[in-house]
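Asker: Chains as they are written, first to last, in this note's numbering: chain A, 9 to 549; chain B, 21 to 237.
C-beta atoms are modelled at their ideal positions from N, C-alpha and C, and glycine is treated no differently.
Predicted, not measured: the structure shown is a model, and the values here were computed from it.
(1) Compare the C-alpha of residue 62 of chain A against each of A:17, A:398, A:396 and A:489 and name the closest.
(2) Got a sec: which bits of the region 132-145 of chain B sit with their beta carbon under 8 Å from any beta carbon on chain A, in order along the chain?
(3) Kindly indicate which three-state DSSP category residue 454 of chain A falls into: helix, strand or coil?
(4) Taking the straight line between their C-alpha atoms, what separation do you get for residue 190 of chain B and residue 97 of chain B?
(5) Could you give the DSSP three-state label for residue 142 of chain B: helix, strand or coil?
(6) Which chain A residues sit within Cβ distance under 7 Å of residue 105 of chain B?
(7) Does any residue of chain B have a CB that is nearer than 8 Å to the CB of residue 95 of chain A?
(8) Buried or exposed: where does residue 260 of chain A fall if 16 or more other Cβ atoms within 10 Å of its Cβ makes it buried?
(9) Do residue 70 of chain B and residue 31 of chain B have their C-beta atoms closer together than 8 Å?
(10) Are the CB atoms of residue 263 of chain A and residue 276 of chain A within a distance shorter than 8 Å?
(11) With contact counted as at least three CB pairs below 8 Å, one residue from each stretch, are the region 105-116 of chain B and the region 134-141 of chain A in contact?
(12) Quick one: list the residues of chain A neighbouring residue 159 of chain B, beta-carbon separation under 7 Å, in chain order.
(13) Buried or exposed: residue 85 of chain A, going by 16 or more other Cβ atoms within 10 Å of its Cβ?
(14) For residue 281 of chain A, tell me which candidate among A:297, A:269 and A:257 has the shortest Cα-Cα distance.
(15) Rounded to the nearest angstrom, how far is the Cβ of residue 332 of chain A from that of residue 359 of chain A, given a contact under 8 Å?
(16) Tell me the rounded alpha-carbon separation between residue 175 of chain B and residue 198 of chain B.
(17) Taking Cβ positions only, does residue 271 of chain A come closer than 8 Å to chain B?
(18) Inspect the beta-carbon positions of residue 249 of chain A and residue 242 of chain A and report whether they are closer than 8 Å.
(19) Considering residue 349 of chain A, what are the terminal residues of the alpha helix (DSSP H) in which it resides?
(20) Are the CB atoms of residue 216 of chain B and residue 209 of chain B nearer to each other than 8 Å?
(21) Any idea if residue 576 of chain A is buried or exposed, counting beta-carbon neighbours within 10 angstroms, 16 or more meaning buried?
(22) Identify the contact partners of residue 308 of chain A in chain B, using a Cβ-Cβ distance below 9 Å as the criterion.
(23) In the region 89-122 of chain B, which residues sit with their C-beta less than 8 Å from some C-beta in chain A, listed in chain order?
(24) Under a three-way DSSP split, which group does residue 488 of chain A fall into?
(25) Where residue 123 of chain B and residue 159 of chain B are concerned, what is the direct C-alpha to C-alpha distance, given to the nearest angstrom?
(26) Given that residue 122 of chain A touches chain B, what residues does it touch there, using C-beta distances under 8 Å?
(27) List, in order along the chain, the chain B residues whose C-beta lies closer than 7 Å to that of residue 115 of chain A?
(28) Is residue 533 of chain A helix, strand or coil when you go by DSSP?
(29) By the 7 Å beta-carbon criterion, what residues does the region 197-210 of chain A contribute toward chain B?
(30) Return no unless some Cβ of chain A is closer than 8 Å to the Cβ of residue 213 of chain B.
(31) Quick one: which chain A residues come within Cβ less than 7 Å of residue 127 of chain B?
(32) Please go through the same chain and pick out, in chain order, the residues whose beta-carbon is closer than 6 Å to the beta-carbon of residue 343 of chain A, but skip the five residues on each side of it.
(33) Extract the residue ranges of the alpha helix (DSSP H) inside the region 65-106 of chain A, only unbroken runs of 4 or more that lie entirely within it.
(34) Along the chain, where does the beta strand (DSSP E) that runs through residue 113 of chain B open and close?
(35) How big is the Cα-Cα spacing for residue 172 of chain B and residue 224 of chain B?
(36) Find the nearest neighbour of residue 303 of chain A within the set A:474, A:74 and A:36, judged by alpha-carbon distance.
Given below as structure tokens:
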């Protein structure tokens, strides 16, 4: 059935005026009435916020500013496209691999220049038809409803065999999201029996990683990259795998290889920076985060954390003027963000302390604490640690200790953070004092958790709930404790039936941990337990 | 530089030279077409051939890099539909376009859509240039291979192209049809499935005309 293009609301994006006019004319020749034409990704976003378009046709290369792929990813993350809207990327051959990213962030189709009006029309019509046929899939995937997504895939595979491979890929990805790795592996391997498609090989690797068969996963990815050295998603996955196995040097090397293929990918520079920081390779970290800040200046959403991290790296390398410049840029770029102002002032205090400007250090610390307290903002771990250090260095020990206590109590299993805390105390020559505080906080969290679990095992679920929920209140970011609180509540409901107030608290705890620790093993375990409980409750009803 | 790399480099240079010639031809044609609109179809065909050459330069560079092929599951029917529309658009009233397909054309086949599309468009443009009244597009299935066939009704392939002669491109002697044929050979050969590899077939038809088939495993 032909698609009625003249009723489609269309946006075309190209920074080249001649090409923009030609594309607009070509769209009109396809039957589209009055397409809207803009010359940059930012203008496109402004339009997309005001109107729901059916079709977006964007060139990948949009000059200075975000490129077409960044535009697409922003649109998907900000839900600026309806489930049935199609996004077609126009790209030169060389940019192809930057376009073909993860499935959920990929365009609906692409056109490699040069192309004819007829090719444009056919690709548009087919993309619209496919989108319409698979609308429910896109909607469920956007909502993260992976269980429903699986059922929808199975239904549609029978009804729409022409989309069998798209659906198989979606199904495999959903199974991985649900941590059902064996089944995911089976789905991808079934595809591979037909042909060795790169995304299916990547899917097998991800499933193997989930099954903790790391060596096999590495082997699959290494072979994939040997066959398809421009398949960028495979580099990302292999780097993550190396990082998981604490092979940080290998992880960095893989990302460097990916940057040779695609040098403008901000997230890879950042990943290298994070890896470099983990092993205290400050030189590499400075180069990486410098690239992140530079390349993000023209992006949609520069991240203040990147500026702050860069400033800290400069500080650690005793490059104090550069550190202050980076902090000033962060404050200028994010003027209304209280957390950024507080964080930047905390680091500024440290910089001034190290540069032996005590008056400036005290002023900046006052600004930081005032900003943090009055706005009630939750600071990132590293910033909290910076603030604590600044407090100690300005003789405000009680405040420093309080910050550290909160930090360690909420992250008692995070060995990297604990080590960072210990390092901070070593830097300020308070090693023993720090060790005492850390041990006390960790022991407290562990004993509360263990006591809660023991009560639950001994049948005292009410007691377990009381203890763990109180702990979840005082240590709200402690994923393990919060999830044990949820676990206790679910166990109670499994015996006594679904209760609205308890169920609401379970959902609230899951939501809290999902936001900050979505890959925490306890979160995954409790999520599955919750799913099974709801299924059983529904069956019984 | 290896012989293969040298041959690839020569092919790329030949494509670039031909592209330059086509730009010159197009410039003059369009100047003339500004006065005589009946030259517009010819001008359009020249732009297509120019696009082919420039596109091939980029794609040959991709093929020269290891792992340059990007196969995925694509609909051969949709690809043939694009070719048919392209053919009808360029043929005008003089040349009839016919499409033939066996009853069971698979919903999917595995190939690099851009490379195969370029190879087939090359062959199609060549057929349209040489045909007198008819061009036929067809699917063939044989022994687990899917074939995309393009036939015209006039002209003939040189014997050495039909006989799969060694690459003249190594000596930089390719132009026109032979560039397209060599490109199609490379594209076909880069598609492999287990022990099977793609290939092209060229044949001269009795009574005039040529038949080009790109077979994919």
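Answerer: Per the coordinate set shown:
(1) A:17
(2) 134
(3) helix
(4) At residue 190 of chain B the pLDDT is 48, less than 50, meaning the model places this residue with poor confidence; the figure from the coordinates comes in the next sentence. Each residue's alpha carbon lies about 35 Å from the other.
(5) helix
(6) 126 and 130
(7) no
(8) buried
(9) no
(10) yes
(11) no
(12) Near residue 159 of chain B there are no residues of chain A at all, since even the closest Cβ is about 16 Å away, more than 7 Å.
(13) exposed
(14) A:297
(15) 6 Å
(16) 14 Å
(17) no
(18) no
(19) 346-362
(20) no
(21) Past the boundaries of the shown model lies residue 576 of chain A; chain A is included only from 9 to 549, so the question cannot be answered.
(22) What residue 308 of chain A touches in chain B: nothing, since even the nearest Cβ is about 28 Å away.
(23) 90, 91, 92, 93, 95, 98, 101, 102, 105, 106 and 109
(24) helix
(25) 10 Å
(26) 71, 74 and 75
(27) The premise fails here: residue 115 of chain A is roughly 14 Å from chain B at the closest Cβ pair, so nothing lies under 7 Å.
(28) helix
(29) 203 and 205
(30) yes
(31) 169 and 170
(32) none
(33) 76-85
(34) Here residue 113 of chain B belongs to no beta strand (DSSP E), and DSSP marks it neither H nor E.
(35) 10 Å
(36) A:74
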